[in-house]
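For the sequence shown, the working numbering puts the final residue at 334, and the numbers step up evenly by one. In this text, a Cβ means the ideal position worked out from N, Cα and C, and glycines have one as well. Bear in mind the structure is a predicted one, so any value in this text is a computation, not a measurement. Below is one structure, written out as structure tokens; comments come after it.
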Amino acid sequence: MRIADIHAHIFPEKLAAKASASIGSFYGASSNHVASLEILLEQEALAGIGYAAVSSSATSPEQTAHINDFISRCAQNRPHLVPLGSLFPGMDGWEAELERMQALGIRGIKIHPDFQRVNIDEPKAVEMYRAIARAGLPVLFHMGDARFDYSSPERLTNLIRQVPDLVAIAAHFGGWQSWDRAYAHIQPENVFYDTSSSLMFLGKDRALDFLEKMGPHRFLFGSDFPMWTPKAELERFLELGLDEDIRDRILFGNFETLFLQ
């Protein structure tokens, strides 16, 4: 099997332990590992995962350039890593940073509305998303949280209405802790989904319902490292018992279409 992980977080070595603990604290859980590049590469190899999209979300506009420099460096001379850069929605100077990101080889963008405390459909960010769409860069959105409304399925739909050619990936089956809303709220066809941080909560039958309703052509496998190990998440996914063609499409084919062609 060829396997790609759409959802993995990494941080500079000196910040990785603190950042991993902070992510765990935000969600009331302990991260399984420190989110360094070295440990990610070890864990992906242990799971037999050949490709990974790596990201880190800026929680302030000032962090964006540093994060984009770091992510692009990590992917240099590592063709199996796909760098997802960061922009802070509505920030000043996004035009120049987006252009610089493309020059750095950034191949997509990760947005975490709950960490950033900015709505997905923030009006000040619509022009930024239009420019991202023109650049042909997919955007991986963290989706869902029962405590907040920043990343609700309805807000993503509202953004896509305004930017209909934006390719988006709605993480966590379209809404972590908001799975009922995500299931009832089918996104437009240019919105994909990832499997991360969801399978252990949804269970097999509910996950299969999602795949049947949304379509397996719209799903990508994701681990959400360092919260979970890629190996454990892959085992959960394989326990769904999908037909080989559907399984391979989710594990690699859809990722290949978005990032490797």
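(1) Considering only their Cβ atoms, is the gap separating Leu-275 from Trp-252 smaller than 8 Å?
(2) Identify the continuous alpha helix (DSSP H) that holds Pro-152 and give its terminal residues.
(3) For Asp-187, which residues in the same chain have their Cβ closer than 7 Å to its Cβ, ignoring the five residues on either side in sequence?
(4) Spatial neighbours of Glu-312 within its chain, please: C-beta separation below 7 Å, excluding the five flanking residues on both sides.
(5) In or out: Ala-176 buried (at least 16 other Cβ within 10 Å) or exposed?
(6) For the beta strand (DSSP E) holding Phe-214, just list the boundary residues, first then last.
(7) Go to Phe-84, then tell me how far its alpha helix (DSSP H) extends in each direction, as first and last residue.
(8) Identify every run of the beta strand (DSSP E) within the region 225-251, keeping only runs that are complete inside it and at least 3 residues long; order them along the chain.
(9) Would you call the region 90-110 and the region 299-309 touching, i.e. three or more CB-CB distances under 8 Å?
(10) Spatial neighbours of Asn-192 within its chain, please: C-beta separation below 6 Å, excluding the five flanking residues on both sides.
(11) Measure the C-alpha to C-alpha separation of Gln-189 and Arg-75 and round it to an integer number of angstroms.
(12) Pick helix, strand or coil for Val-191, following the three-state DSSP scheme.
(13) Might you give, ordered along the chain, the residues of its own chain that have their beta carbon closer than 6 Å to the beta carbon of Gln-116, omitting 5 neighbours on each side?
(14) What three-state label does DSSP hand Ser-104 in the structure shown?
(15) What's the C-alpha gap between Asp-282 and Ala-305?
(16) Quick check: what's the CA-CA separation for Ala-94 versus Leu-232?
(17) With H, G and I counted as helix, E and B as strand and the rest as coil, what does DSSP make of Ala-98?
(18) Could you spell out where the alpha helix (DSSP H) holding Asp-318 opens and where it closes?
This is what the structure gives:
(1) yes
(2) It is not in any alpha helix (DSSP H) - Pro-152 carries neither H nor E in the DSSP assignment.
(3) His-215, Asp-218, Phe-221, Tyr-223, Ser-224
(4) Lys-277
(5) exposed
(6) 212-214
(7) Careful: Phe-84 lies outside any alpha helix (DSSP H) and carries neither H nor E.
(8) 241-243
(9) yes
(10) Tyr-223, Arg-228
(11) 33 Å
(12) coil
(13) Thr-302, Pro-303
(14) coil
(15) 21 Å
(16) 31 Å
(17) Per the sequence shown, residue 98 should be read as Ser rather than Ala. Helix.
(18) 317-321
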